[in-house]
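Below is one structure, written out as structure tokens, with a few remarks after it.
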Amino acid sequence: MRILKDLRRLCRLIAEQSPGAADPAAVERLETELTIELSGERLSNRTRGRARQLVRRLEKQITSLGGSSSTPLGRVFCYRCESAECEHATPPSGHDVFVGYHATGRAEWASFTTLCLEHRPDEADALYADPPRLLTETSTAAELRVDQLPAFGARSSAYEVLGQVAVGYFYDRSRPTGRSSERRALTIQIVHRVNAKGEPEGVLNVIGACDGTDSLGALRDDDAQTLADIVRQGERRLASLLHARNGSSAPPDRIRSLLGWLARSLEHSFKQMQRRTKHAQERARDSQRPTQKAREDALRATPERLYIDVDADTFVVAGPRGRTHVFTLAGRHVTSLVVPADSVRRRVSGNRWRRATASEWSAFSEVCVAITDPPS
Ligand SMILES: [Zn+2]
705 MRILKDLRRL CRLIAEQSPG AADPAAVERL ETELTIELSG ERLSNRTRGR
755 ARQLVRRLEK QITSLGGSSS TPLGRVFCYR CESAECEHAT PPSGHDVFVG
805 YHATGRAEWA SFTTLCLEHR PDEADALYAD PPRLLTETST AAELRVDQLP
855 AFGARSSAYE VLGQVAVGYF YDRSRPTGRS SERRALTIQI VHRVNAKGEP
905 EGVLNVIGAC DGTDSLGALR DDDAQTLADI VRQGERRLAS LLHARNGSSA
955 PPDRIRSLLG WLARSLEHSF KQMQRRTKHA QERARDSQRP TQKAREDALR
1005 ATPERLYIDV DADTFVVAGP RGRTHVFTLA GRHVTSLVVP ADSVRRRVSG
1055 NRWRRATASE WSAFSEVCVA ITDPPS
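So the sequence shown is numbered by our numbering: it starts at 705 and just counts up by one.
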């Protein structure tokens, strides 16, 4: 059958041209489904479209057989070196984001500041404001590959980036002061790939570490947490988008709206977090207040309002309106909490607390004059 021979030849040709060279034995065992329309005398556009789809599907299947050709997360695929292991596959520094492919297929990077100055010069100041504001820069797949020439993989689907959001700056976890040398930018790419089982899947590839490992690891814990949540949500959205398309590529407008969602979520979440950090700082400034209150309540405590916590061996002062303070026997303030009157009664009847004796009360009165702050 000539048609089968031609198909085999097509598969071998794709394998030869696919980066990361697929195992020839695996290519020979490849199975694929074919739908052929017999109606009509001339080839309809639909049939031509199906043929193109078939070639693309074969390309993906064969690329996935390559094993080494699948790009690990944290890196991009470099078409010039036909590898995700070369020096171009990761950013040269923590400030750099992916800006697309060179004509020769080389993966290119630039500082996030340069990118912002070029695309949104009016807002670039925000990167260096105090506190700094997080900016995002979105690129579509076409924009990232606009310079790349066909001979250098422009039509290859070895690494199918559907679009990306570059984002910065985050504080480096090791140095939280936020000087420009201590900031980090990330590239978050929407990638459509074929997994080891030959099934299409969508992932968000976060790229920010120069060695391609744990891109979020360099960020402060709360930033990394917020980012990880957004990435997970993004992947769920991408999965349902690809599922609805039965695995074939999602239309560009749906990808654009997913990129828009990603950029908005990043900017919004980090604005919220900045606000929360500010509140936390304000609360920290007010933190001496409970100790002052505890001291006042302790000094006013009558013998019948002083208890001993039997297990913890601590003094417990039941202040007004359920306000309750715990002190060590040496008079160090441990904590303050609200304990309703019936809870106090339950603890006493359950023998967890007992009323202090007169001598304990006078000992407490002596030490509580010198009450110290809780350890912070
Ligand atoms: Zn390279």
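Positions of the beta carbon are idealized from the N, C-alpha and C atoms, including for glycine.
Predicted model only: the values in this text are computed from it and were never measured.
| Item | Value |
| --- | --- |
| Leaving out five residues on either side along the sequence, give the residues of the same chain with a beta carbon under 8 Å from the beta carbon of Ala1016. | Val1030 |
| Out of curiosity, what's the CA-to-CA distance linking His896 and Ala830? | 33 Å |
| I need the DSSP call for Cys715, collapsed to helix, strand or coil. | helix |
| Going by C-alpha distance, which of Thr1032, Gln976, Val910 and Glu903 is nearest Arg888? | Val910 |
| Mind the definition here: the region 840 to 849 touches the region 737 to 755 only if three or more C-beta pairs lie below 8 Å; say whether that holds. | no |
| For Asp1001 and Glu827, what's the separation of their Cα atoms in angstroms? | 52 Å |
| Which residues, in chain order, sit with a beta-carbon under 7 Å away from any heavy atom of ligand 1? | Cys782, Arg784, Cys785, Ser787, Cys790, Glu791, His792, Ala793, Arg810 and Ala811 |
| Within 10 angstroms of the Cβ of Asp927, are there 16 or more other Cβ atoms? Answer buried if so, exposed if not. | buried |
| What did DSSP end up calling Leu762 once you bin it into helix, strand or coil? | helix |
| Compare the Cα-Cα distances from Glu763 to each of Gly753, Arg716, Leu742 and Phe802 and report the closest residue. | Arg716 |
| Could you tell me the alpha carbon to alpha carbon distance between Val1038 and Thr1028, rounded to whole angstroms? | 11 Å |
| At which residues does the alpha helix (DSSP H) containing Gln929 begin and terminate? | Asp925 to Ala948 |
| Going by Cα to Cα distance, which pick from Glu732, Ala967, Ser1047 and Asp800 is closest to Arg1025? | Ser1047 |
| Counting along the chain, where does the alpha helix (DSSP H) carrying Ser860 start and finish? | Careful: Ser860 lies outside any alpha helix (DSSP H) and carries neither H nor E. |
| Three or more C-beta pairs closer than 8 Å, one from the region 790 to 797 and one from the region 865 to 872: is that the case here? | no |
| Look at the alpha carbon of Asp710 and the alpha carbon of Leu839, and state the distance between them as a whole number of angstroms. | 51 Å |
| Between which two residues does the alpha helix (DSSP H) carrying Ser1040 extend? | Ser1040 -> not in any alpha helix (DSSP H); beta strand (DSSP E) instead, spanning His1037 to Val1042. |
| Exposed or buried, which one is Ser876 when buried takes at least 16 other CB atoms within 10 Å? | Inspection of the sequence shows that residue 876 is occupied by Asp rather than by Ser. That one is buried. |
| Tell me whether Arg968 sits in a helix, a strand or coil according to DSSP, three-state version. | helix |
| Give me the Cα-Cα distance between Ile718 and Leu821, rounded to the nearest whole angstrom. | 41 Å |
| Excluding the 5 residues preceding and the 5 following Ser969 in the sequence, name in chain order all residues of the same chain whose CB lies nearer than 6 Å to its CB. | Ile934 |
| Can you tell me whether Gln757 is buried or exposed, with buried defined as 16 or more other CB within 10 angstroms of its CB? | exposed |
| Would DSSP call Cys914 helix, strand or coil? | coil |
| Buried or exposed: where does His972 fall if 16 or more other Cβ atoms within 10 Å of its Cβ makes it buried? | exposed |
| Determine the burial state of Ser743: buried for a count of at least 16 other Cβ atoms within 10 Å of its Cβ, exposed for fewer. | exposed |
| Do Gly906 and Ala943 have their C-beta atoms closer together than 8 Å? | yes |
| Are there 16 or more other CB atoms within 10 angstroms of the CB of Arg801, so buried, or fewer, so exposed? | Per the sequence shown, residue 801 should be read as Val rather than Arg. Counting Cβ neighbours within 10 Å, Val801 comes out buried, since at least 16 surround it. |
| Under DSSP, the beta strand (DSSP E) around Leu890 begins and ends at which residues? | Arg887 to Val898 |
| Which residue marks the beginning of the beta strand (DSSP E) containing Thr1028, and which one marks its end? | Arg1027 to Thr1032 |
| Relative to the C-alpha of Arg1058, which residue among Asp915, Leu966 and Glu1008 is closest? | Glu1008 |
| Terminal residues of the continuous beta strand (DSSP E) containing Glu812? | Ala811 to Ser815 |
| If you reduce the DSSP assignment to three classes, tell me which class Ile1012 lands in. | strand |
| With a threshold of 8 Å between beta-carbons, can Ala870 be considered close to chain B, or not? | The structure shown contains no chain B; it holds only a single protein chain. |
| Apart from the five residues just before and just after Val1071, which ones in its own chain have a Cβ nearer than 7 Å to its Cβ? | Ala1034 and Gly1035 |
| Using a threshold of 8 Å, state whether the C-beta atoms of Gly804 and Ser919 are closer than that. | no |
| Taking the alpha-carbon positions, what's the Ser961 to Ala954 distance? | 11 Å |
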